[in-house]
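When you line the sequence shown up against UniProt numbering, it's residues 1 to 358, in that order.
Glycine residues also receive a C-beta, built at the ideal position from the N, C-alpha and C atoms.
So the structure is just underneath, and the comments pick up after that.
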Amino acid sequence: MVIVEGVPAYLYLDEEYIAHHLGRRQRGYGRGGRQQIERDHAHIQTGVRHGYTLGSPIGMLIENRDWSQEGRNQRVTRIRPGHADLPGAMKYGFHDVRNSLERASARETAARVAAGAVAMKLLEEFGIKLHSHVLSIGRVKANPPDQGAIDWDAVEESPVHCADSDVADQMMAEVDAAREAGDTVGGVVEVIAEGVPIGLGSHVHWDRKIDAKISQALMSINAVKAVSIGEGWDLLDRWGSEFQDVIEPWQRKTNRAGGTEGGMTSGTPLVARFVIKPIATLHNPLPSVDLDTGEPVQAHFERSDVCQAPPAGVIGEAMMALVLADAFMEKFGGDSIPETKRNFEGYQATVGPRLRYS
């Protein structure tokens with residue numbers, strides 16, 4: 001069950017829109033057999049009538065068909081390195097690792113994408129759009145694209161969700177090599193939000209800084225180990241004059257800071273990158289121990305993906321959308337879409353034209 005609160009009344013929302021994003025999450029080269037079982041669909045239960053939100057909490061139900069498969073309820077005691085198995089069992093006193101591994105599974109990201117789709121629909125009402133693409137898989141890196149020149153339709157068609165078609169085949173070969181070795185492979189993903197107004201977030205409150213909130217949201221995704229806002233990973237050897245985005249009359253020609261300054265959005269595209277580690281469940285398991293006996297064993301294996309980088313971008317979009325929608329409603333929120341639009345348009349009239357990024 002997914003519950004989304006804080007959405008104003010009169011937002012048009014249907015199950016097909018949410019299903020589109022859930023379908024995007026299930027695609028991608030390197031996915032495992034579970035995606036052949038699950039056919040995710042969020043059934044709207046509450047908060048929407050005749051296609052429009054009511055201002056009350058939106059409830060959605062997503063079935064988990066994989067749980068009914070044979071063996072999915074069997075006790076597990078062989079701990080997997082890199083997963084929640086050991087700390088989860090120790091923290092809660094479990095004698096069955098399945099109690100931890102099922103809840104810590106990336107299966108829960110279906111709920112995030114459904115909730116994020118609602119947030120994206122809200123943001124689209126105000127001209128804000130989110131996209132993502134894969135920058136690397138394993139040792140294969142894409143050529144850094146010009147943000148303004150990315151063909152997002154082509155990215156959606158790419159099996160590896162990559163903007164650089166020249167390296168897509170190499171990325172798939174990297175996934176194939178990991179699969180043949182009984183191993184897994186990670187990657188780097190970039191999420192971009194366009195049309196974000198200046199001033200979301202806060203320089204006054206440490207816990208309301210927009211870049212901090214986005215970082216926490218992206219880091220919370222299963223298997224994510226690092227997050228960068230803009231070119232944060234690349235600035236270590238630069239001087240200040242080489243990194244700052246120079247302000248010209250109502251425009252900036254660079255966006256190295258990734259659309260934030262002082263914990264607030266700056267009016268340029270909001271850009272975040274994150275690293276998703278190789279999945280912990282290996283077909284060729286690593287050495288481990290048995291929870292019952294403490295004896296050396298091979299780690300547990302269940303049906304799993306080889307690479308999660310392509311679908312991780314869709315999850316990243318959802319998490320960024322949830323953060324932006326929350327910040328947007330905190331600043332402009334009304335009880336209905338018309339009221340929120342009046343608030344937003346009034347603000348835009350006072351701050352002048354949005355900064356252009358060219």
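- When rounded, the separation of the alpha-carbon atoms in Val351 and Gly199 is 10 Å.
- The region 221–308 is shown to contain whole beta strand (DSSP E) runs of 3 or more residues at 224–229, 270–276, 287–289 and 296–298, in chain order.
- Distance between Met329 and Val4, taken at the CA atoms: about 13 Å.
- The C-beta of Pro8 has 16 or more other C-beta atoms within 10 Å across all chains shown, which makes the residue buried.
- In the DSSP assignment, Gly201 forms a beta bridge with Met264.
- For Ile137, the closest alpha carbon among the candidates Arg25, Ala327, Phe344 and Phe274 is that of Phe274.
- DSSP, read as helix, strand or coil, puts Ala84 in coil.
- With respect to Val224, Ile276 sits close: the two C-beta atoms are nearer than 9 Å.
- For Leu61, the enclosing beta strand (DSSP E) starts and ends at Ile58 to Leu61.
- Under the 8 Å Cβ criterion, the region 176–186 counts as touching the region 275–291, having at least three qualifying pairs.
- The alpha-carbon separation between Val167 and Arg139 amounts to approximately 11 Å.
- If you draw a straight line from the Cα of Gly230 to the Cα of Thr265, it is about 12 Å long.
- Residue environment analysis places Ser228 among the buried positions, since at least 16 neighbouring C-beta atoms fall within 10 angstroms of its C-beta.
- If you check the CB distance, Asp305 and Gly30 come in under 9 Å.
- Residue state for Gly30 is assigned as coil, using DSSP reduced to three classes.
- Pairing Ala154 with Ala142 gives a Cβ-Cβ distance that is not under 9 Å.
- By the Cβ rule, the region 290–306 does not count as touching the region 338–349, because fewer than three pairs are nearer than 8 Å.
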